[in-house]
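S.K.:
In the numbering used here, the protein residues as written are 9 to 142.
Rendered as structure tokens:
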């Protein structure tokens with residue numbers, strides 16, 4: 009078997025599952041600044057490691073979080089986002105009580121998710137057609 013850094017290995021699966029995830033603070037408030045933003049980055053890395061999710065790229069802007077992650081195929085994107093948002097909300101609101109007084113919850117309930125493919129749809133269809141002849 010060819011070894012590729014892009015692929016991840018588990019007991020029964022070789023995978024490369026990547027997601028682009030974006031979410032915002034409640035009311036799109038510009039609160040992710042200075043030490044809050046710095047702490048958020050560290051908290052996201054810590055929780056992602058606990059979830060066995062790799063953060064390949066991260067941007068924290070004052071009014072949104074933008075992540076590019078790789079995950080095990082058994083971890084649904086909704087579950088990943090829910091875990092990251094719940095953990096960071098709890099930790100940040102404990103450390104920065106002013107966040108509790110400014111907004112009722114730290115994050116909106118919504119988020120954006122896009123699966124990231126490394127092979128085009130046409131290439132997959134071509135591969136499947138070629139397999140029929142073998």
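For each residue, glycine too, the CB sits at the ideal point set by N, CA and C. Source: prediction; values computed, not measured.
1. Taking Cβ to Cβ, would you say residue 38 is nearer than 8 Å to residue 71?
2. Could you pull out every residue in the same chain whose Cβ sits closer than 7 Å to the Cβ of residue 9, ignoring the five residues on either side in sequence?
3. Does the segment 92–99 come into contact with the segment 108–125, if we say contact requires no fewer than three beta-carbon pairs (one atom in each stretch) closer than 8 Å?
4. At which residue ranges does the segment 79–119 contain complete alpha helix (DSSP H) runs of 4 or more residues, listed in the order of the chain?
5. How many Å lie between residue 44 and residue 103 at the Cα?
6. Tell me, please, which residues DSSP counts as bridged to residue 65.
7. Expressed to the nearest angstrom, what Euclidean distance is found between the alpha-carbon atoms of residue 81 and residue 25?
8. Using the three-state DSSP reduction, which class does residue 53 fall into: helix, strand or coil?
9. Excluding the 5 residues preceding and the 5 following residue 67 in the sequence, name in chain order all residues of the same chain whose CB lies nearer than 6 Å to its CB.
10. Is the segment 17–32 touching the segment 83–92, taking contact as three or more C-beta pairs under 8 Å?
M.R.: Per the coordinate set shown:
1. Taking 8 Å as the cut-off, the beta carbon of residue 38 is found closer than this to the beta carbon of residue 71.
2. Note on residue 9: pLDDT 41, under 50, position unreliable in the model; the coordinate value appears next. Excluding residues within five positions, none has a Cβ falling inside 7 Å.
3. The segment 92–99 is in contact with the segment 108–125.
4. Complete alpha helix (DSSP H) runs here, min 4: 85–103, 106–110.
5. Using only the alpha carbons, I get a separation of about 9 Å.
6. Note: residue 65 sits in a beta bridge opposite 76.
7. Rounded to the nearest whole angstrom, the C-alpha separation of residue 81 and residue 25 is 6 Å.
8. In the structure shown, residue 53 sits in a helix (DSSP, three-state: H, G or I).
9. In the same chain as residue 67, and ignoring 5 residues on each side of it, the C-beta atoms closer than 6 Å to its own belong to 74, in chain order.
10. They touch, by the three-pair rule.
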